[in-house]
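A short worksheet on the structure shown next.
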Amino acid sequence: MRFKLFSLLAALLLVSACATDPEDTDGQTGGGAAAQTGGSAAGSAPVQVVPGSVQDFIVNVGDRVFFDFDRSTLTAKAQETLDKQAEWLSRISAATITVEGHADERGTREYNLALGDRRANAVKDYLISKGVAANRIKTISYGKERPAVLGSNEWAWSQNRRSVTTITGGAES
Amino acid sequence: MRFVRETFLYPARCAMAIAASIILGFMTLPAAAELQVDITRGHLQPLPIAVADFHGTQAVETQVGRDIATVVAANLERSGLFKPVDKRAFLQDAASLQVQPRFADWRVINAQALVNGAIRVQGDGRLKVEFRLWDVFAEAQMAGLQYTTRRENWRRVAHIIADAIYKRITGEEGYFDTRIVYVAESGPANRRIKRLAIMDQDGANHRHLTDGRALVLTPRFSRSAQEITYLSYFNNTPRVYLFNIDTGRQEVLGAFKGMTFAPRFAPNGNSVIMSHAENGNSDIYTMDLRTRKSKRLTSHPAIDTSPSFSPDGKRVVFNSDRGGSPQVYVMNADGSNVRRISFNRGRYATPVWSPRGDLIAFTKQSGGRFFIGVMRPDGSGERLLSESFLEESPTWAPNGRVLMFFRQEPTNKQGGGGAVHLYSVDLTGHNLRRVVTPGQASDPAWSPIIP
């Protein structure tokens with residue numbers, strides 16, 4: 122299940138890479154988040170998205186939000202994405218999620234584990250405030266262990282300071 | 105000419121029993137005239153030392169004798185305090201050296217200290233290993249010891265001999281009879297395989313302790329050196345575990361709801377101090393390993409992590425962002441009297457109390473660079489020992505004179521780079537060296553002297 126999610130995500134990243142080449146946006150912060158711009162990328166993707174599916178969530182809602190350096194406060198853009206997540210979760214009421222908290226590499230391993238936990242819980246708390254039941258949400262911190270984007274530059278770091286909401290059950294297939 | 109005065113038995117563990125006795129020399133030096141290396145000074149010239157192959161008559165004795173001399177010389181060389189003289193320059197052979205050193209022959213090749221020894225296979229098949237350390241200029245014996253052990257223990261005997269030489273000449277305890285546990289890394293940065301691995305301090309006897317299926321991080325030794333505490337993502341649930349090296353037994357520590365991480369043993373080995381994250385807030389707890397009762401030490405909305413006990417167990421140094429950025433704080437072992445000690449420019453993390461109690465090692469992040477440094481427990485006297493793009497996780501050699509840590513190279517967009525390796529550096533900031541591991545390596549932890 123988990124593995125499938127990863128490969129699906131990887132495919133989406135490839136698709137959107139055509140529109141937003143990370144090479145070109147190198148050095149810019151917050152530029153073209155692959156999955157966040159998934160909505161527009163889906164237009165060029167030859168996949169049929171089943172409403173209420175995991176794919177629907179990733180492509181049409183956006184599974185991740187980004188954070189400033191050493192911060193866990195939710196930006197306006199992050200809140201916008203999470204509002205859409207909460208709305209989707211209210212429609213797909215059987216869905217359960219795990220919110221992963223991640224950090225960039227510019228910190229020590231242990232501090233970043235704590236920071237990732239803080240970020241995941243900031244997202245969890247926000248979703249609860251938007252009506253998602255607490256017992257549908259799990260959190261896990263990966264610290265700096267699972268970067269989404271490789272590279273030691275500002276753009277890569279901005280993409281890695283993130284939370285990722287993964288659907289763990291109850292979605293349409 | 106040779107007297108055996110004392111014999112004491114090391115605790116039998118892993119069939120590693122080594123009997124040691126002291127060989128007294130026929131001359132004793134007045135203290136003032138002794139050959140000495142003052143290692144508290146900064147940059148110093150390594151002491152030229154000749155380590156002769158230990159003498160034997162049978163082939164097996166000759167072989168072990170050569171191997172021991174090699175391991176002893178390599179240890180001393182790596183410390184940066186000694187410069188082994190090239191064996192090819194030696195004028196006196198091992199056999200005649202056993203009778204009496206011809207000091208003039210060693211002076212002429214500029215050796216200031218000389219090590220020789222002998223190996224004998226006894227009737228029961230065990231090895232008797234004896235060694236002597238000589239002051240070449242004073243023409244006097246500085247140390248003499250004799251060990252009896254099983255043949256497969258020859259490497260440990262070599263480390264024990266190197267420790268004895270180091271101690272006799274520097275006045276400080278040695279650190280060669282120790283091991284390193286670390287995280288062996290392989291695979292791309294976003295799908296890294298991490299396995300616990302253990303090796304002797306010099307890289308020998310390397311083996312993996314976990315198979316890489318679960319992500320593992322931050323192993324640390326107990327005082328007994330037979331047990332490790334670490335973080336594992338087994339079942340995708342990050343928790344602190346204990347690992348018994350002798351039995352291979354692993355167990356999760358406590359039944360915490362939420363992530364536990366950043367574990368370290370208390371100096372007496374009876375408890376583990378660690379962070380517990382609950383509802384997005386990390387605080388510091390101890391868990392008594394006998395009663396399995398946990399105790400909360402900090403209760404603050406900030407991140408509190410990376411705790412490390414002082415060697416007397418009375419205080420704890422830790423990392424907190426309660427002041428707005430990660431800094432180093434000290435508190436009493438019951439959680440009272442919290443005060444910040446890092447006040448220089450930068451972000452401070454991973455504080456580790458020296459086994460001698462006099463210093464705290466840390467990772468510092470400043471101006472886009474990472475540093476390993478030390479400061480006194482009151483925060484004064486900060487010294488930076490190493491700097492690079494990214495380095496962290498200092499660990500102390502048991503004598504408090506050498507630190508090990510890891511460095512990560514920058515990663516490029518193609519996913520190349522990003523290599524991690526272990527390094528060691530002297531407390532004076534000299535003798536920075538890469539620690540050789542079979543693959544990539546991070547999160548080192550230095551064991552105590554093996555009991």
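Chains G and F, in that order, are what the protein sequence lines are.
Just so you know, we're using our numbering here: the first sequence kicks off at 122 and counts up by one.
Just so you know, we're using our numbering here: the second sequence kicks off at 105 and counts up by one.
We put the CB at the ideal spot given by N, CA and C, even for glycine.
Since the model is a prediction, treat every value here as computed from it, not as a measurement.
Determine the DSSP secondary structure at residue i, reduced to helix, strand or coil.
i              : result
residue 394(F) : coil
residue 245(F) : strand
residue 546(F) : strand
residue 161(G) : For residue 161(G), the predicted structure reports a pLDDT of 43, less than 50, and the residue's modelled location is therefore unreliable. A value from the coordinates is still provided. Residue state, collapsed to three classes: helix.
residue 447(F) : coil
residue 135(F) : With a pLDDT of 47 at residue 135(F), under the threshold of 50, the predicted position of this residue should be treated as unreliable, though the coordinate-derived value follows. Reduced to three states, the DSSP call for residue 135(F) is helix.
residue 385(F) : strand
residue 253(F) : strand
residue 426(F) : coil
residue 158(F) : coil
residue 257(G) : helix
residue 365(F) : strand
residue 351(F) : coil
residue 441(F) : coil
residue 147(G) : For residue 147(G), the predicted structure reports a pLDDT of 37, less than 50, and the residue's modelled location is therefore unreliable. The matter cannot be settled from this model.
residue 325(F) : strand
residue 67(F)  : Since the first residue shown for chain F is 105 and the last is 555, residue 67(F) is missing from the structure and cannot be characterised.
residue 251(G) : coil
residue 141(F) : coil
residue 282(G) : coil
residue 124(F) : strand
residue 179(F) : helix
residue 560(F) : An answer regarding residue 560(F) cannot be provided, because it is not within the stretch 105 to 555 covered by chain F.
residue 153(G) : With a pLDDT of only 36 at residue 153(G), under 50, the local geometry of the prediction cannot be trusted, and the value read off the model is given with reservation. Reduced to three states, the DSSP call for residue 153(G) is coil.
residue 335(F) : strand
residue 192(F) : helix
residue 374(F) : coil
Applying a beta-carbon distance threshold of less than 8 Å, which residues of chain G neighbour residue i?
i              : result
residue 401(F) : Neighbours of residue 401(F) on chain G: none; closest Cβ ~15 Å, over 8 Å.
residue 496(F) : 229 and 230
residue 365(F) : 231, 234 and 235
residue 514(F) : 273
residue 152(F) : Per Cβ cutoff of 8 Å: no residues; residue 152(F) is ~40 Å from chain G at best.
residue 423(F) : 229, 231 and 232
residue 410(F) : 229, 231 and 232
How would you list, in chain order, the residues of chain F whose beta-carbon sits under 7 Å from the beta-carbon of residue i?
i              : result
residue 267(G) : 294
residue 192(G) : The contacting residues do not exist; residue 192(G) stays about 11 Å from chain F at best.
residue 242(G) : 383 and 384
With C-beta atoms as the reference, is residue i less than 8 Å away from residue j?
i              : j              : result
residue 310(F) : residue 300(F) : no
residue 375(F) : residue 387(F) : no
residue 285(F) : residue 342(F) : no
residue 509(F) : residue 495(F) : yes
residue 186(F) : residue 240(F) : no
residue 262(G) : residue 234(G) : yes
residue 171(G) : residue 177(G) : yes
residue 321(F) : residue 124(F) : no
residue 248(G) : residue 199(G) : no
residue 215(G) : residue 264(G) : no
residue 399(F) : residue 390(F) : yes
residue 329(F) : residue 552(F) : yes
residue 155(F) : residue 176(F) : yes
residue 254(F) : residue 224(F) : no
residue 325(F) : residue 549(F) : yes
residue 413(F) : residue 465(F) : no
residue 289(F) : residue 546(F) : yes
residue 179(F) : residue 304(F) : no
Under 7 Å between beta-carbons, which chain G residues line up against residue i? List them in chain order, please.
i              : result
residue 454(F) : 229 and 231
residue 467(F) : 229
residue 373(F) : Here the premise fails: no neighbours, minimum Cβ distance about 21 Å.
residue 229(F) : Within chain G, no residue comes near residue 229(F); the closest Cβ sits about 47 Å away, beyond 7 Å.
residue 430(F) : 232
Name the chain G residues that come within less than 9 Å of residue i, Cβ to Cβ?
i              : result
residue 321(F) : 230, 231, 234, 264 and 266
Using a cut-off of 9 Å between C-beta atoms, extract the partners of residue i located in chain F.
i              : result
residue 111(G) : Nothing can be reported for residue 111(G), as the shown portion of chain G is limited to 122 through 294.
residue 293(G) : Result: empty, since nearest Cβ-Cβ is about 24 Å, beyond 9 Å.
residue 261(G) : 337, 340, 341, 342 and 363
Segment contact flag, the stretch 420-429 of chain F with the stretch 238-247 of chain G, C-beta cutoff 8 Å, min 3 pairs: no
In chain order, each alpha helix (DSSP H) run of at least 4 residues that lies wholly inside the stretch 163-245 of chain G: 197-212
For the stretch 502-535 of chain F, list the beta strand (DSSP E) runs that are entirely contained and at least 3 residues long, ordered along the chain. 506-512 and 524-530
Taking only runs that begin and end inside the stretch 197-240 of chain F, name each unbroken beta strand (DSSP E) of 3 or more residues, in chain order. 217-225 and 231-239
On the three-pair Cβ rule with 8 Å, is the stretch 381-400 of chain F touching the stretch 358-369 of chain F? yes
Taking 8 Å as the cut-off, does the stretch 189-197 of chain F touch the stretch 269-279 of chain F (at least 3 CB pairs, one atom from each stretch)? no
Give, in chain order, every unbroken run of the beta strand (DSSP E) that is at least 3 residues long and sits entirely within the stretch 255-304 of chain F. 283-290 and 297-304
Would you say the stretch 273-286 of chain G touches the stretch 525-545 of chain F, given that touching needs at least three Cβ pairs under 8 Å? no
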